[in-house]
Structure formats: structure tokens, C-alpha cells
Amino acid sequence: MDHDADALRDFLKRFPDEKFCSVCLAFEFKLNFQRVHDALAEVGQHLTLGQARGPCSLCGQRSLITGLERTSDRSARERVLEFIRNHAGDFFCHACLAQRLELGFGTVQNAVWQLRASSNVWIRATACAACARPRLVVGGEEGGVAA
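Following the working numbering, the numbering of the sequence shown begins with 9 at its first residue and continues without gaps.
So, in C-alpha cells, the structure goes:
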């Protein structure tokens, strides 16, 4: 992990029940928005990050906020797999999966990587079923996805 991601990870661990907007994280760590985004993606590869619309714990402004995922007893891998099973035959980009499951982008990437190694999950280059943008998408074939 790079220095920005290490510092951000430690900060989020100190405040496990809080969620923060990108503006406050950028100000807190003296980073530009791209570096905040990159650091969150890196942290999401190792910790389950939740993202949702709501008030930031620092500034109180309603925006997209990120913090440690504490509300679910299921792992990100299990949540992604369940979503794919429930939408058999449809393929979704990582960004749409992250938005629908309220997980961080890096967390979804890590979950998909784990699923590709252990189940019947497929990656394709086609339009996302949710946003219709041509991207690399993930899904399962009609007839179900193996565990």
C-alpha cells in the first residue's frame, strides 16, 4: 500500500462508525481528489469500504460518503455473488455494482477478483446492464452461478 492509502486506512480504522466525503478527506490529508480516489480504491482492496449518499461525519454536508462497512454481517464477496445470482444473464460494471451494493469501488474489484477464482463468474467487454456504457462487466450465465 502506498503512503496515502496507509494514512487513509489508519484514519478510517480510528473512526470505524463514521463516513466521510471526498472534500473532507482531501482537506484532512492534503490530497487532490484523484489521490483521494486512488487511495480509497487501494484501501478497498484490503478492507470492506461502504459508500452511500448521506451527511459527512466532519462537515455535515450531504454527499457521497465513504467509511468502513460495519452494517452487514455478509462479506463483500457474498454480497456481490448474491447480486450476480439474482441477476443471472445480466452483466454489470464495477461502478454500478459498487453503487447498487453501497460498497467502495476497490472493495467490489477485490470481491470480483476472489469470485473469478472460485466460482462461475464471467468478465466480458460489453455494455453494462445498468448504465449501458461499454465496459468490462461481470455477471453469471443464465441458469445460475456456482458458489
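For each residue, glycine too, the CB sits at the ideal point set by N, CA and C.
Where T74 sits in the DSSP three-state scheme: strand
Just curious, the alpha helix (DSSP H) that C32 is in, first and last residue? 30-37
Where Q59 sits in the DSSP three-state scheme: strand
Near L39, which residues of its chain fall below 8 Å by C-beta distance, leaving aside the five closest residues on each side in sequence? D12, L33, A47
Strand pairing of I131, partner residues [DSSP]: V146
Mapping DSSP to helix, strand and coil, what is C139? coil
Spatial neighbours of L105 within its chain, please: C-beta separation below 8 Å, excluding the five flanking residues on both sides. V88, F91, L111, V116, V120, V146
Member of Q122, N128, V51, R108 whose CA lies at the smallest distance from the CA of A137: R108
Exposed or buried, R124, counting other C-beta atoms within 10 Å across all chains shown (16 or more means buried)? exposed
Neighbourhood of A154 by C-beta distance below 6 Å, restricted to the same chain and skipping five residues each side: In this prediction, A154 has a pLDDT of 49, which is less than 50 and means its spatial position is unreliable; nothing more can be read from the coordinates.
How many angstroms separate the CA atom of C29 from the CA atom of F37? 12 Å
Could you check if C67 is buried or exposed, using at least 16 other CB atoms within 10 Å of its CB as the buried criterion? exposed
Give every residue of the same chain whose Cβ lies closer than 8 Å to the Cβ of Q69, excluding the five residues on either side of it in the sequence, and list them in chain order. C29, V31, P63
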